[in-house]
Amino acid sequence: MGIKLSNKRYMLMDCDGVVWKGNRAIEGAQSILEKLEQMGFKLGFVTNNSSLSRLGFKSKFESLGFTPINYTIINSAYGAAIYLANKCFNRVFMIGEQGLREELELHDIYVTQEYEEQLQGVCIGWDRQLTWRKLADAMKVILNDNGFFVGTNPDNSFPMENSLVPGTGAGIAALTNACGKEPDIIIGKPNRFLIDVTLENMGCTDPAEAVYIGDRLSTDILAGINAGVDTVLVRTGISDSHMKNILPTVEIDSIVDILTILNS
Ligand SMILES: [Mg+2]
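If you count by the working numbering, then the sequence shown holds residues 1 to 264, one letter each, in order.
Right, dumping it as structure tokens:
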């Protein structure tokens, strides 16, 4: 099975494990992205990573040697902010890092990391300073104040240069177990929400014109399937290939091999 790239205009992809790993670019990723852009593809990056804002991601692309090209970046921090803003939530307890705070505040949402009265809910993202205190405060908002419970993304682990580390999903699981209550929504993939937002931002009205490239079957590929786009699995990031019930349209070794599917 293959994908006719000639039918595609929108090339969407994940970041971690696809174009970089931790703070190292995937070899050859910079030049293949330039080539894709020269060929006329519109590039969109859709990432579950909530630690940076969209601006933070732009700086990361530049610091890793990616030419500043014309691309759209949508991450779960931005997704959570627009979701909450659309629901008219404007006071939340946040477990997360600076990028999530920036996106929430950009959407006029008051953010605190200490328990206060009259908070409407909890937004939990990736937090490398996660503590028992933060979980206890979040629990109070969810249980005592009947607050809304939003998770940015479900990834249990996260690929750094040489090893896996706990991801946002690990923190969400701790809070879910403590509260005995599932999140009201998890914004990131496999939810199609971020892919839909990206396509809309890029002006794409027909998912058949888009392809989504990711390294994880249970999040990336499933989100692509949920959003009705063709999917490409790469093997440079997290391997969850035991999830045999989730099938990408095609599979390649690395993003640098993307043009080989032209001939498949
Ligand atoms: Mg990934």
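Even for Gly, the Cβ is constructed at its ideal location relative to N, Cα and C.
Asked	Found
Is the CB of Q118 under 8 angstroms away from at least one CB in chain E?	Looking at the structure shown, chain E is missing, and only one protein chain is on hand.
Taking the Cβ atom as the reference point for each residue, do I246 and I221 lie within a distance shorter than 8 angstroms?	yes
What residues match up with I261 in a beta bridge as DSSP calls it?	BP columns for I261 are empty, so no partner.
Given 7 angstroms as the limit, tell me if V18 has its C-beta closer than that to any heavy atom belonging to ligand 1.	yes
Locate the alpha helix (DSSP H) running through S59, then write down its first and last residues.	R54 to S63
Does ligand 1 have a heavy atom nearer than 7 angstroms to the CB of R24?	no
With 16 as the cutoff for other CB atoms within 10 Å, does N191 come out buried or exposed?	buried
Between the alpha carbons of N90 and E117, how many angstroms are there, rounded?	13 angstroms
Should M13 go down as buried or exposed, given a rule of 16 or more other Cβ atoms within 10 Å for buried?	buried
I want to check one thing, is the minimum distance from the CB of G188 to the heavy atoms of ligand 1 below 7 angstroms?	no
Comparing alpha-carbon positions, which option in D230, N201, L199 and C204 lies nearest G214?	D230
From what residue to what residue does the alpha helix (DSSP H) around G171 run?	T168 to C179
With burial defined as no fewer than 16 other Cβ atoms inside 10 Å of the residue's Cβ, what is the status of A208: buried or exposed?	exposed
State the DSSP-derived secondary structure class of A154, mapped to helix, strand or coil.	Checking the sequence, you will find Pro at residue 154 rather than Ala. DSSP places P154 in coil when its eight states are reduced to three.
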